[in-house]
Amino acid sequence: MSDGYSSGLQEVGDGLYAYLQPDGSWGWSNAGLVADEEQTLLIDTLFDLDLTEQMLSAMRHAVPAASRIDTLVNTHANGDHCYGNQLVRDARIVASERTATEMAELPATAMAALVREAPKMGEVGEFFLRCFGAFDFDGIEMVFPDQKFSGELTLRVGSREVRLIEVGPAHTRGDTMALLAAERVLFSGDILFNGAHPIAWAGPVSNWIAACERILAMELDVIVPGHGPLADQGSVRELKAYFEYLYDQARARLAKGMTSLEAARSISVDRWADWGDRERLAVTVATIYSELWRERRGDPAQRSANAVPALGGIAMVALHDRSLDRPA
Ligand SMILES: [Zn+2]
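Position one of the sequence shown corresponds to residue 150 (this note's numbering), numbered consecutively onward.
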């Protein structure tokens with residue numbers, strides 16, 4: 150279903166819209182709109198204020214009721230899904246409890262400071278600017294959820310039912326998906342990166358595989374992924390196979406005494422050669438390694454991923470190992 154991957158608003162069902170931002174790489178996220186009987190629900194804002202305003206304007210143009218957003222759902226705490234919240238601050242903002250907590254730890258001011266410091270940060274800074282230099286983090290005020298939930302929460306938009314399903318920790322600590330079961334449409338947030346390597350900031354990846362299984366058990370016609378073109382269950386099956394493969398490969402390399410970075414460099418991902426952002430393997434394999442270590446020690450504690458050193462790790466791989474470099 151990768152045909153028609155163009156930027157902007159696309160109807161994916163009666164009163165259901167996806168807002169897509171090709172090419173879906175770092176920061177270029179998707180969002181969603183549900184409208185019925187003059188009520189509206191927005192799924193995620195975008196990485197900066199200009200992009201979010203462009204999106205809201207496109208929504209108002211196509212759907213007059215969207216001149217007022219009643220409810221905003223943030224699928225997770227990464228800035229490319231919540232930094233535009235202040236533009237819909239009158240809406241009720243809903244997120245999982247864990248996402249709300251994590252959002253406070255990832256303020257836009259930190260991204261703005263990193264962009265300013267990047268030129269002094271050598272190769273890590275170069276990599277950071279290559280990923281995030283196109284966005285404007287100045288003047289962003291963090292606006293946090295006012296309604297939090299754990300597990301599941303069902304919302305109504307006119308006559309429609311939107312089921313919020315928390316499947317994190319996986320990509321982040323509190324990942325949430327929005328299911329319109331009657332319409333057979335799922336807004337997956339970053340549980341699905343379509344056409345790119347996923348990144349497991351939080352893990353465990355075993356939870357992410359469980360999330361894939363939950364999606365595969367749903368009756369769906371369309372999945373609006375957090376990044377990339379519209380998808381279907383085929384993309385989820387492929388993602389699950391990818392994680393299972395990474396587990397097997399990482400386990401074998403850990404047994405040989407390889408570090409996670411050595412493992413990330415040596416694992417062949419040729420089967421997914423057309424996926425972008427291969428450098429994310431550095432973080433995802435490190436997350437899998439930490440799970441395997443915990444399994445050895447019988448320690449159930451959750452690893453707390455810190456995005457900045459993790460990005461440094463990516464940069465190392467991306468810049469020093471041509472086999473993992475980003476396509477130009
Ligand atoms: Zn994202």
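No residue lacks a Cβ here, since even glycine has one placed at the ideal position from N, Cα and C.
DSSP places Lys297 within a strand segment (E or B) once states are collapsed to three. When C-beta atoms of the stretch 344 to 355 are compared with those of the stretch 425 to 432, three or more pairs fall below 8 Å, so the two segments count as touching. Residue environment: Gly271 is assigned as exposed (fewer than 16 neighbouring CB atoms within 10 Å of its CB, all protein chains considered). A residue is called buried when at least 16 other Cβ atoms come within 10 angstroms of its Cβ; Ser308 does not meet this threshold and is exposed. Annotation: Gln235 is outside any beta strand (DSSP E) and is labelled neither H nor E by DSSP. Distance from the CA atom of Gln170 to the CA atom of Gly162, rounded to whole angstroms, is 19 Å. Of the residues assessed, Ser439 falls on the buried side of the cut-off, its CB having 16 or more other CB atoms within 10 angstroms.
One alpha carbon belongs to Arg265, the other to Phe276, and they sit about 14 Å apart. Distance from the CA of Glu251 to the CA of Gly164, rounded to the nearest whole angstrom, comes to 31 Å. Within 8 Å of the C-beta of His376 there is at least one heavy atom belonging to ligand 1. If you compare the alpha carbons of Arg333, Gly173, Arg305 with that of Phe281, the shortest gap goes to Gly173. Assignment of Val373 by DSSP, reduced to helix, strand and coil, places it in the strand class.
Fully contained in the stretch 244 to 314 are the following alpha helix (DSSP H) runs of length 4 or more, in chain order: 246 to 254, 257 to 266, 271 to 281. Contact holds between the stretch 238 to 252 and the stretch 292 to 307, because three or more Cβ pairs, one in each stretch, are under 8 Å apart. Annotation for Phe336: the continuous beta strand (DSSP E) segment containing it runs 334 to 342. Under DSSP, the beta-bridge partners assigned to Ala380 are Ile372. Taken through DSSP and simplified to helix, strand or coil, Val432 comes out as helix. Looking only at Leu158, Tyr232, Gly317, the smallest Cα-Cα distance to Ala211 is reached by Leu158. Bounds of the beta strand (DSSP E) holding Ala327 are 325 to 329.
For Asp185, the enclosing beta strand (DSSP E) starts and ends at 180 to 185. Residue pairing from DSSP places Arg241 in a beta bridge opposite Thr220.
Contact between Leu200 and Ile289 is ruled out by a C-beta separation of about 11 Å, above the 8 Å threshold. Assigned with DSSP and collapsed to three states, Gly425 falls in strand. Scanning Ala330, Val316, Ala366 for the CA closest to the CA of Pro353 turns up Val316. Short of 6 Å from the beta carbon of Arg312, and not among the five residues preceding or following it, lie these beta carbons of its own chain, in chain order: Thr303, Leu328. In the assembly as shown, Gly233 is a buried residue. Its beta-carbon has 16 or more other beta-carbons within 10 Å. Of the heavy atoms belonging to ligand 1, at least one sits nearer than 8 Å to the Cβ of His230.
Gly157 is bridged by DSSP to Leu169. Counting C-beta pairs with one atom in each stretch, the stretch 370 to 384 and the stretch 334 to 341 have three or more that are closer than 8 Å, which means they touch. Set against 8 Å, the gap from the CB of Asp172 to the closest heavy atom of ligand 1 is not smaller.
Taking the Cβ of Ser178 as the reference point, at least one heavy atom of ligand 1 falls within a distance shorter than 8 Å. Leu388 carries a helical assignment under DSSP once its states are collapsed to helix, strand and coil. The continuous beta strand (DSSP E) containing Leu191 extends over residues 188 to 192. Spanning the alpha carbons of Ile358 and Arg402 requires a straight line of approximately 20 Å.
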